[in-house]
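Below: the structure, in structure tokens.
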Amino acid sequence: MAGGIKIAIVGGGLAGLAAAMKIAEAGHEVELFSVVPVKRSHSVCAQGGINGAVNTKGEGDSTWEHFDDTVYGGDFLANQPPAKAMCEMAPAIIYLFDRMGVPFSRTNEGLLDFRRFGGTKHHRTAFAGASTGQQLLYALDEQVRRFEVGGKVTKYEGWEMMSLVLDDHQVCRGLVAMNLRSLELKAFPADAVIIASGGPGLIFGKSTNSMVCTGSAVAACYQQGAKYANGEFIQVHPTSIPGEDKLRLMSESARGEGGRVWVPRNQGDKRSPASIPESERLYFLEEKYPAYGNLVPRDIATREIFQVCLQGLGVNGENQVYLDLTHIPAETLDKKLGAILEIYEMFVGDDPRHVPMRIFPGVHYSMGGLWVDFDQRTNIPGLLAAGECDYSIHGANRLGANSLVSCVYGGFVAAPAAIDWAKNVQRNGSNGSRLYEQETKRQQELNDKLIAQSGNENQYELHEEMGRTMTDNVTVVRYNDRLKQTDDKLLELSDRYDRISINDSNLWATMALPHARQLRNMLDLARVIALGALNRNESRGAHYKPDFPDRDDANWLKTTIAEYSGEGPVFSYDPVDISLIPPRKRDYSHEKKEPAAAGKSAS
Amino acid sequence: MDGPQHWEIFEIPYRPNLNVISCLMEIRKNPVTKSGQKTTPPSWDMNCLEQVCGICTMVINGRVRQSCSALVDKLDKPIKLEPMSKFPNVRDLQVDRSQMFDHLKRVHAWIELDGTYDLGPGPRMDQDDVMERYAYSRCMTCGCCLEACPQYDEDHYIGPQAIAQVRLFNMHPSGAMDRDERLQGIMGDDGITNCGNAQNCVRVCPMNIPLTKAIYEENRETVVHGLLGWLKK
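If you read the protein sequences in the order shown, they are chains C and D. Every letter in the first sequence is one number past the one before it in my numbering, and letter 344, counting from 1, is 344. Every letter in the second sequence is one number past the one before it in my numbering, and letter 38, counting from 1, is 38.
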């Protein structure tokens with residue numbers, strides 16, 4: 001590793017590719033690790049769009065307004081400086097993607113078009129049909145391929161990060177990864193490592209996440225000393241399509257384009273939706289939140305839908321409500337929402353242009369993640385994080401279409417910070433090879449033990465049980481007794497984990513060993529989420545406890561920090577940086593009232 | 001890895017709305033064949049399960065498609081699963097499609113940015129052109145078109161996937177500036193002229209990409225390009 005700087009990136013979604021592009025452009029070497037070919041990363045599932053206050057609609061939008069919506073929507077748990085910096089960078093990010101050739105939808109004059117999303121009154125969301133994540137990911141994939149051809153980027157697709165290589169001073173010196181075909185373990189020295197491995201949705205079993213979203217790489221960092229922040233804040237998306245294998249996302253853009261959520265007013269009304277007259281429909285979001293209607297933030301929409309179903313008002317008495325687009329001309333729908341309507345049609349069979357969709361909330365996004373400072377640096381020197389796997393931007397609830405922009409922002413900030421660190425760090429010299437050999441050996445022993453052990457537990461059953469427990473008890477509504485039981489269950493599953501067997505006589509390209517390693521890591525992160533929720537006796541954003549229904553700034557305007565120990569997570573609490581906008585109560589039944597705030601220029 | 005091939009038959013309890021992936025997951029939990037034989041579960045690729053990542057493509061009842069969107073209710077039983085045949089087999093239902101990503105390198109499937117720093121917005125574009133580009137841009141590199149193409153085999157033909165990406169970038173005002181480099185990529189011995197016009201590609205494309213239109217347009221572009229090159233000599 002003499003000479004130039006080499007930076008390892010774990011994850012090839014938007015955040016990882018954004019960082020890779022910036023580092024390669026600066027002339028440095030990137031090694032990019034991804035479980036799947038990067039073009040197949042979970043970012044492709046993002047649908048609705050990307051936020052940026054470009055203000056081309058004559059609405060007086062501004063990056064400050066975007067910032068205020070973001071921290072207000074996040075119930076004031078986000079540190080404000082990075083959220084502000086992201087909102088300020090957002091227009092330039094959108095323009096950059098425009099230059100990369102993303103087919104964003106256009107206005108009559110050929111300008112970028114913007115649509116509405118939740119938690120704002122402005123048209124602020126740029127979109128490419130209803131597959132914006134796919135389009136943005138492809139644009140970065142293309143640019144990174146260009147640097148790959150130029151020799152700056154080396155991809156390790158089909159390799160999964162197992163652990164960090166830390167030196168005697170807890171400085172990150174690279175990582176150990178496993179080839180998912182040969183199961184070969186190999187150490188990769190690097191001057192800095194950026195984790196961009198996405199969210200941990202698979203901990204909940206079925207979610208809107210892709211199958212690679214295990215949070216396993218993040219959990220490995222946590223086990224090795226990285227702090228994990230705000231784990232209990234899990235976003236449950238109000239509108240997903242329940243399925244046998246996963247919950248498929250139905251984008252918020254459906255409501256952004258005018259979709260209305262309703263149930264029949266009369267419990268048990270068995271009529272077809274079209275034959276129920278307006279007066280006998282309960283548009284519960286519009287009635288309760290006249291200012292924002294169907295575009296209230298996700299945590300609020302989710303709780304209302306959940307509540308309506310608990311009261312027995314769900315369609316056909318089941319856990320489902322209507323999301324209705326049928327009043328919008330089919331041609332408009334095809335143009336603006338085509339891709340998501342196809343998904344609904346393909347998996348449910350009904351045509352949402354003519355029949356209201358039936359939807360229910362589903363686990364979607366983790367606001368929590370690796371703790372990072374305002375330069376995306378974790379507490380482990382030389383280790384950075386960006387994207388859904390870091391906790392930095394969204395506070396207690398993420399606004400729709402803020403994820404794509406936060407992923408790219410995180411990557412763009414992490415890249416120069418990693419370069420900066422790499423330029424100044426002392427290399428570990430002749431002592432180095434020992435570190436890499438030791439860590440590779442440790443990982444090999446973990447694999448060997450799993451392969452050798454036998455028992456009658458099935459790891460996929462254990463995963464299902466974990467997912468059910470977490471979904472039942474650590475999502476929309478949380479009670480302390482059930483959170484405690486959840487932790488007991490997680491401990492029981494950890495115990496049974498020692499009796500799983502790999503059950504694959506052929507280890508070439510087996511799915512069983514990687515899944516077993518991921519499951520172990522998911523169990524650790526699950527405890528961070530459940531116990532973080534148990535400790536936090538208030539309601540804020542996505543974290544809702546009926547026994548503590550109010551936000552409690554006096555005691556809980558704090559970032560939860562979890563650190564690993566052999567006996568379970570150790571919790572501490574950090575103050576939140578609220579230096580720019582004083583916290584105020586969220587109320588989406590009325591127009592947002594902004595106090596005059598420091599830093600906002602008079603207009 | 002080419003090893004001996006064999007079939008295994010499994011029986012899955014029916015539930016409404018099952019897709020092929022849910023069946024495979026069921027087998028993974030309880031890998032016992034129909035005849036009661038304990039076996040090792042098959043391995044396959046899966047990720048998004050929403051037919052947008054392209055990874056879970058396989059041949060189902062003789063037709064290439066994504067297994068996540070293959071609903072059991074709509075398939076003839078017993079359901080027959082095979083790996084794609086045009087790509088090196090990794091194991092069971094997994095194949096290696098890295099050649100498709102190599103195609104993208106060959107045809108320079110990207111815009112030559114001056115840099116990622118802020119230069120303001122890109123060129124203004126007509127929504128109709130954007131819609132046409134959007135159709136090509138939805139390609140998820142799944143390989144259905146190549147599996148179904150009678151010409152795509154043993155490096156004889158680069159195939160519709162890469163040609164459609166040439167179209168995507170050549171249609172863009174900035175992309176058009178490097179048009180010639182992209183055309184070079186599809187004008188070799190294994191280039192665009194090898195298309196036999198069977199039109200299987202458009203029939204199997206899960207994203208309904210107008211692949212034959214791309215081939216038609218790019219064929220025209222390469223002819224003009226070739227002619228100009230010849231005149232310049």
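Glycine is no exception: its CB is placed at the ideal position from the N, C-alpha and C atoms.
#### Entry: D/R179 at chain C interface by Cβ criterion, 8 Å
no
### Task
May I ask which residues mark the beginning and end of the alpha helix (DSSP H) holding C/I300?
298-310
### Query
Mind pulling the chain D residues with CB within less than 8 Å of C/Q307?
In chain order: nothing, as chain D lies at least about 26 Å away.
### Query
Using 8 Å as the limit for Cβ to Cβ distance, is C/G129 near chain D?
yes
### Cβ shell of C/G11 (< 8 Å), same chain only, five flanking positions each side left out
F33, S34, S41, I195, A196, S197, G198, A217, G387, C389
### Query
From what residue to what residue does the beta strand (DSSP E) around C/L185 run?
185-189
### Message
Can you list, in chain order, the residues of its chain with a C-beta nearer than 7 Å to that of C/A330? Leave out the 5 residues immediately preceding and following it.
### Response
R353
### Message
Just to make sure I have the definition right: I need the residues of chain D whose C-beta is within less than 8 Å of the C-beta of C/I328. Which are they?
### Response
In chain order: nothing, as chain D lies at least about 18 Å away.
### Query
Can you find at least 3 beta carbon pairs, one from the stretch 575-591 of chain C and one from the stretch 551-562 of chain C, that sit closer than 8 Å?
yes
### Message
My output table needs one value for C/P81: the three-state DSSP class, helix, strand or coil.
### Response
helix
### Message
Can you confirm whether D/W7, when its beta carbon is compared against all beta carbons of chain C, has any partner nearer than 8 Å?
### Response
no
### Task
Measure the CB-CB distance between C/G395 and C/L111 and report whether it falls below 8 Å.
no
### Query
Hey, out of C/A414, C/H169, C/I9, C/T510, whose CA is closest to C/R181's CA?
C/T510
### Residues that C/C45 contacts on chain D, provided the C-beta gap is smaller than 7 Å
C48, E50, V52
### Task
Return the chain-ordered ranges of every beta strand (DSSP E) run that is complete within the stretch 82-138 of chain C and spans a minimum of 3 residues.
114-116, 123-126
### Task
Residues of the stretch 78-96 of chain C with a CB closer than 7 Å to any CB of chain D: list them in chain order, please.
A92, Y95, L96
#### Entry: Inter-residue Cα distance where the pair is D/L227 and D/I186
15 Å
### Task
On a CA-only basis, which of D/C149, D/M177, D/K105, D/N17 is nearest C/F347? Give me that one, please.
D/N17
### Contact set for D/E11: own chain, Cβ-Cβ below 6 Å, skip 5 residues either direction
K34
### Task
Below 6 Å CB to CB, which residues in the same chain sit around D/Y157 once its five sequence neighbours on both sides are set aside?
Q151, D190, N194
### Message
Here's a check: name, in chain order, each residue in its chain whose Cβ is nearer than 7 Å to the Cβ of C/L606, leaving out the five neighbours to either side.
### Response
Limits of chain C in this structure are 1 at one end and 603 at the other, which puts residue 606 of chain C out of reach.
### Task
Give the DSSP-derived three-state secondary structure of C/K489 in the structure shown.
helix
### Query
Counting contacts by CB-CB distance shorter than 8 Å, is C/R181 in contact with chain D?
yes
### Message
Determine, for D/W110, whether the minimum Cβ-Cβ distance to residues of chain C falls below 8 Å.
### Response
yes
### Query
Is the Cβ of D/P160 closer than 8 Å to any Cβ of chain C?
no
#### Entry: Buried/exposed call for D/W239, threshold 16 Cβ in 10 Å
Since the displayed chain D opens at 1 and closes at 233, residue 239 of chain D lies outside it and no answer follows.
### Query
Quick one: which chain C residues come within Cβ less than 9 Å of D/Y216?
Going along chain C, no residue has its Cβ under 9 Å from D/Y216, so there is no contact; the nearest lies around 20 Å.
### Query
Which stretch, first to last residue, makes up the alpha helix (DSSP H) that contains D/Y134?
127-137
### Task
May I ask you to list the residues that DSSP assigns as paired with C/G174?
C/V165, C/P189
### Query
Whose CA, out of D/M25, D/K29, D/V130, lies closest to the CA of D/N47?
D/M25
### Message
Rounded to whole angstroms, what is the Cα-Cα separation between C/A417 and C/D375?
### Response
6 Å
### Task
Would you decide whether D/H6 is buried or exposed? Buried here means 16 or more other CB atoms lie within 10 Å of its CB.
exposed
### Query
Do the stretch 80-92 of chain C and the stretch 61-68 of chain C meet, that is, are 3 or more Cβ pairs less than 8 Å apart?
yes
### Task
Closer than 8 Å by C-beta to C/N379: which residues in its own chain qualify, once you throw out the five before and the five after it? Chain order, please.
G225, A226, K227, W371
### Task
Check whether the Cβ atoms of C/E160 and C/A187 sit closer than 8 Å, and answer yes or no.
no
### Task
Return the residue from the list C/E591, C/P103, C/E464, C/D168 that minimises the CA-CA distance to C/Y497.
C/E464
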